[in-house]
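Student: Mind looking over this structure? Questions follow.
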Amino acid sequence: MGISPSAEAIQAMSAVELTGAIRARELSAREALDAHLQQISAVNCRINAVVTLDPEGAQALAAAADERTAAAGASAADSLPPLHGLPMTHKDTHNTRGMRTTQGSVLFRDFVPDADDLIIARLKAAGAVTTGKSNVPEFAAGSHTFNDVFGTTTNPYAPELSAGGSSGGAAAALGARIQAISDGSDMGGSLRIPASFCNVVGFRPSAGVVPTWPSSDLWSWLARSGPMARDVADIALMLTAVAGQRPGPEVLPSIPPETFAQPLQRDLTGLKIAWTPDFGLGIPVDKQVLAVLEAQLGIFEELGASVEQACPDLRDADLVFRNVRALEFVHSLGDLVRDHAELIKPEIRWNVEQGRVLTGQDIADTAAARTRLALKVHEFFGGYDVLLAPAAQVLPFDAMLRYPETINGEALPTYLDWMRSACVISATGLPALSMPAGFSVDGLPVGLQMVMNHGEDFQLLQVAAAFEQATGYARRAPALTTGDGAGMG
1 MGISPSAEAI QAMSAVELTG AIRARELSAR EALDAHLQQI SAVNCRINAV VTLDPEGAQA
61 LAAAADERTA AAGASAADSL PPLHGLPMTH KDTHNTRGMR TTQGSVLFRD FVPDADDLII
121 ARLKAAGAVT TGKSNVPEFA AGSHTFNDVF GTTTNPYAPE LSAGGSSGGA AAALGARIQA
181 ISDGSDMGGS LRIPASFCNV VGFRPSAGVV PTWPSSDLWS WLARSGPMAR DVADIALMLT
241 AVAGQRPGPE VLPSIPPETF AQPLQRDLTG LKIAWTPDFG LGIPVDKQVL AVLEAQLGIF
301 EELGASVEQA CPDLRDADLV FRNVRALEFV HSLGDLVRDH AELIKPEIRW NVEQGRVLTG
361 QDIADTAAAR TRLALKVHEF FGGYDVLLAP AAQVLPFDAM LRYPETINGE ALPTYLDWMR
421 SACVISATGL PALSMPAGFS VDGLPVGLQM VMNHGEDFQL LQVAAAFEQA TGYARRAPAL
481 TTGDGAGMG
């Protein structure tokens, strides 16, 4: 092994670069871990992204990874798993065996699971070195990360502002160069909104691509697990580890993980792209966000695609999203709200109540609306290949707020309305991602939402990779001032 890169250089590496260097024995897993822990110590006290840390356990895992590298010898590149030696924390809503998993709730402040969720088990099997947990809003409800257990996670590009949520700790850790990949989840924007706020990529896959397991509802389709990273190639790499059919009956379609190992390069010549600033619904979007995104549309034309303003008919999307979300909240959290209402935040109690008052007719109307929406989406993608839209309706906002109450001076009726840019796409079930697309005049990140037809997950990553190659916005790191102290904020 030659001269190892500096900690700063390691922190800037992608997951593809890190795992490649470890396989080539240019870098050890222990050196990668040391750089990871150093960055947590340096910056976490400013952003509060990492809330549980197990350095001793991680050091044992990294040492075992280095032993495996040595044993593999010259064949290391071929015989080691895809994430071999890669340090990472996990979203605190994903159960991690033997490590505290709080869901951001005081009810689970000291809960230690005895089994991993499937996505965590697959990451570990792929060679990832688990170091701790990243912060979430209570029960992952809402797109701003704060809770009564660990407090608020803030933005590495502006530490007084929100990092988004619910995968806010994950996105902030990525943006702050703590780690190269993160696991997340998304019902109404929990991968895409924090990605937009923190200048990273958040990918919400098609249903069944990254299975959520264990689950008490095999047919649940609105919430998704998925990857986050600073570049598209790392999203694809993580999917080679976590995609694929879940145990038991296959009731949702899956995509073989090896699909995501294919080359990402793609010629966009002839691609038909639609752009919508308001989803055809008059959804309010901050004028600064629109200015940044509209300046990017010419990039696609330079790459050979055509771009015009158009959108599928999404008039049924709000009803579908709100009713299905409300029913899922009753299913997953109804008993806890009934028994411990005083310990659960009001937004969750409101969501559960919305589900409890739904009638049989409401449920029938929701099924009919979802059918109409699916038909309209099918019709739209008969004429277009990609839909572009704002990922978030607002720029990162004051972290002391619970949620934005106005956009462009327009009052918002509920705490979900500032997330509609993501929610209406969730209702369609389509694969979607948020891609770094530039910065406001004040240097705040803005994400572009890209959407493609059902099952076209890999093709969507190819389009995103072409835009990334042409722009490179994610390479702009935050000027995060090094903090004092141990860094567990």
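As numbered in the numbering used here, residues 1 to 489 make up the sequence shown, in order.
Ideal Cβ positions, reconstructed from N, Cα and C, are used throughout, including at glycine.
Being a predicted model, the structure only gives us computed values, none of them experimental.
1) Along the alpha helix (DSSP H) that carries L239, what are the first and last residues, could you check?
2) Using the C-alpha atoms, what's the distance from E410 back to A125?
3) Give the straight-line distance between the Cα atoms of W145 and L416, rounded to the nearest whole angstrom.
4) Quick check on the burial criterion: 16 or more other C-beta atoms within 10 angstroms. Buried or exposed for V441?
5) I need the boundaries of the alpha helix (DSSP H) containing S196, first residue and last residue.
6) Given a cut-off of 8 Å on the beta-carbon distance, is the pair S490 and F139 in contact?
7) For the alpha helix (DSSP H) holding E31, just list the boundary residues, first then last.
8) When burial is assigned at 16 or more other CB atoms within 10 Å of the CB, is H94 buried or exposed?
9) In angstroms, rounded to a whole number, what distance separates the CA positions of Q11 and A29?
10) Counting beta carbon pairs with one atom in the segment 267-277 and one in the segment 305-312, are three or more of them shorter than 8 Å?
11) Below 6 Å CB to CB, which residues in the same chain sit around P567 once its five sequence neighbours on both sides are set aside?
12) Do G169 and V50 have their C-beta atoms closer together than 8 Å?
13) Within 10 Å of its beta-carbon, does D385 have 16 or more other beta-carbons around it, so buried, or fewer, so exposed?
14) Considering only the beta carbon of each residue, do I178 and I22 sit closer than 8 Å?
15) For Q262, collect the residues of the same chain with a Cβ closer than 6 Å to its Cβ; drop the 5 residues on either side in sequence, then sort them by chain order.
16) Please classify Q462: is it buried, with 16 or more other beta-carbons within 10 angstroms of its beta-carbon, or exposed?
17) With burial defined as no fewer than 16 other Cβ atoms inside 10 Å of the residue's Cβ, what is the status of I344: buried or exposed?
18) How do the segment 56-73 and the segment 100-117 stand: do at least 3 beta-carbon pairs fall below 8 Å, yes or no?
19) Measure the alpha-carbon distance for V16 versus R246 and round it to whole angstroms.
20) What's the C-alpha gap between T482 and A176?
21) How should I3 be labelled, buried or exposed, when 16 other C-beta atoms within 10 angstroms of its C-beta is the threshold for buried?
22) Could you compute how far the alpha carbon of P284 sits from the alpha carbon of T153?
23) Hey, would you say S196 sits closer than 8 Å to A391, going by beta carbons?
24) DSSP on K124, reduced to helix/strand/coil?
25) In angstroms with no decimal places, state the Cα-to-Cα distance between V112 and A470.
26) Taking the alpha-carbon of P205 as reference, which of A62, N453 and E468 has the nearest alpha-carbon?
27) Residues in its own chain within less than 7 Å of L293 by CB, not counting five upstream and five downstream?
28) When the Cα atoms are used, what is the spatial distance from L333 to P81?
29) Going by DSSP in three states, H340 sits in which element: helix, strand or coil?
30) Once DSSP output is grouped into helix, strand and coil, what is the label at E308?
31) What does DSSP give as the partner residues of W275 in its beta bridges?
32) When the distance is taken between beta carbons, is R122 closer than 8 Å to A241?
33) Can you tell me whether Q256 is buried or exposed? The criterion is at least 16 other CB atoms within 10 Å of its CB, across all chains shown.
34) Could you tell me the alpha carbon to alpha carbon distance between S185 and E302, rounded to whole angstroms?
35) Mark L314 as exposed unless 16 or more other C-beta atoms lie within 10 angstroms of its C-beta, in which case mark it buried.
36) Hey, could you find the ends of the alpha helix (DSSP H) Q103 is sitting in?
Tutor: Checking against the coordinates, here is how it stands:
1) Segment V232 to V242, the alpha helix (DSSP H) holding L239.
2) Each residue's alpha carbon lies about 48 Å from the other.
3) Reading off the sequence, residue 145 comes out as Thr, not Trp. Spanning the two alpha carbons is a distance of roughly 14 Å.
4) With fewer than 16 other Cβ atoms within 10 Å, it is exposed.
5) Counted as a single uninterrupted DSSP element, the alpha helix (DSSP H) harbouring S196 occupies residues R192 to C198.
6) Absent from the model: residue 490. The displayed extent of the chain is 1 to 489, so no value can be given.
7) E31: member of the alpha helix (DSSP H) spanning A29 to I47, first to last residue.
8) So H94 ends up on the buried side.
9) Their backbone Cα atoms lie some 13 Å apart in a straight line.
10) At 8 Å Cβ cutoff, the stretches touch.
11) Past the edges of the chain, shown from 1 to 489, lies residue 567, and the structure says nothing about it.
12) In contact: G169 and V50 (Cβ atoms closer than 8 Å).
13) Buried is the call here.
14) Contact: no.
15) Apart from sequence neighbours up to five positions away, no residue of its chain approaches Q262 with a beta-carbon distance below 6 Å.
16) Buried: at least 16 other Cβ atoms inside 10 Å.
17) Its Cβ being crowded by 16 or more others within 10 Å, I344 is buried.
18) Output reads no: the segment 100-117 does not touch the segment 56-73.
19) Taking the straight line joining both Cα atoms gives about 25 Å.
20) Summary for T482: the model assigns pLDDT 42, below 50, so the residue's position carries little reliability, and this model does not support an answer.
21) Taking all protein chains shown into account, I3 has fewer than 16 neighbouring C-beta atoms within 10 Å of its C-beta and is therefore exposed.
22) Each residue's alpha carbon lies about 26 Å from the other.
23) Cβ atoms of S196 and A391: closer than 8 Å.
24) Helix, per DSSP.
25) Here the C-alpha atom of V112 lies approximately 45 Å from the C-alpha atom of A470.
26) The shortest Cα separation from P205 among A62, N453 and E468 belongs to N453.
27) Excluding sequence neighbours, L293 sits near P390, A437, V446 and L448.
28) Between L333 and P81, the alpha-carbon positions lie close to 37 Å from each other.
29) If DSSP states are grouped into helix, strand and coil, H340 belongs with the helices.
30) Correct three-state label for E308: strand.
31) Beta-bridge pairing links W275 to Q309 and L388.
32) Cβ atoms of A241 and R122: closer than 8 Å.
33) Contrary to the premise, residue 256 reads as Pro rather than Gln in this sequence. Taking every protein chain shown into account, the CB of P256 has fewer than 16 other CB atoms within 10 angstroms, so this residue is exposed.
34) Between S185 and E302, the alpha-carbon positions lie close to 33 Å from each other.
35) Burial call: buried.
36) Where Q103 is concerned, there is no enclosing alpha helix (DSSP H), given that its DSSP letter is neither H nor E.
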